[in-house]
Amino acid sequence: MDEKELELIRFGLHIRKLRIDKDLSQDDVVNNSNKLTKSTVSDVENGKRNLAFTTLLDLARGLLEEPEILLKYDHNKKIDLNNIEKS
């Protein structure tokens, strides 16, 4: 797995944690954003989606967060690949 894929997984885990910490479902994120699909939210959380800037803004709106919060995560976090959903 290359570094880009690992970074997408780290970001996705961070997004999932933000959502769960706010007690939001993926459907809540979709409804709050008015633009995202559940499949997009799921793909982001599973490290399968490289976001456009406007999608990042929609995701922040869906999570009821400021966009900069989405980018504040540990870029060096070790990942247990055994716990990551396989595609």
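Those letters in the sequence shown? Residues 1 to 87, per the UniProt record's numbering, in order. Yeah, the Cβ is synthetic: ideal placement off N, Cα and C, and Gly gets one too.
Boundaries of the alpha helix (DSSP H) in which residue i is found, first to last residue
i: residue 93; result: With the chain covering 1 to 87 only, the question about residue 93 has no answer from this structure.
i: T37; result: That residue, T37, is in no alpha helix (DSSP H); it is neither H nor E in DSSP.
i: A60; result: F53 to G62
i: E5; result: E3 to D21
Per-residue burial, residue i [other beta carbons within 10 Å of its own, 16 or more giving buried]
i: F11; result: buried
i: E45; result: buried
i: S39; result: exposed
i: H14; result: buried
i: S33; result: buried
i: I79; result: exposed
i: L81; result: exposed
i: I20; result: exposed
Among the options, nearest to residue i - alpha-carbon criterion
i: P67; options: T55, D74, V41 and N76; result: T55
i: L70; options: I79, F53 and K35; result: F53
i: N50; options: E7, D2 and M1; result: E7
i: D23; options: H75, L64 and K72; result: L64
i: D2; options: D43, G47 and L18; result: G47
Quiz item: Does the segment 57 to 66 come close enough to the segment 26 to 42 that 3 or more CB-CB pairs lie under 8 Å?
Solution: These segments touch.
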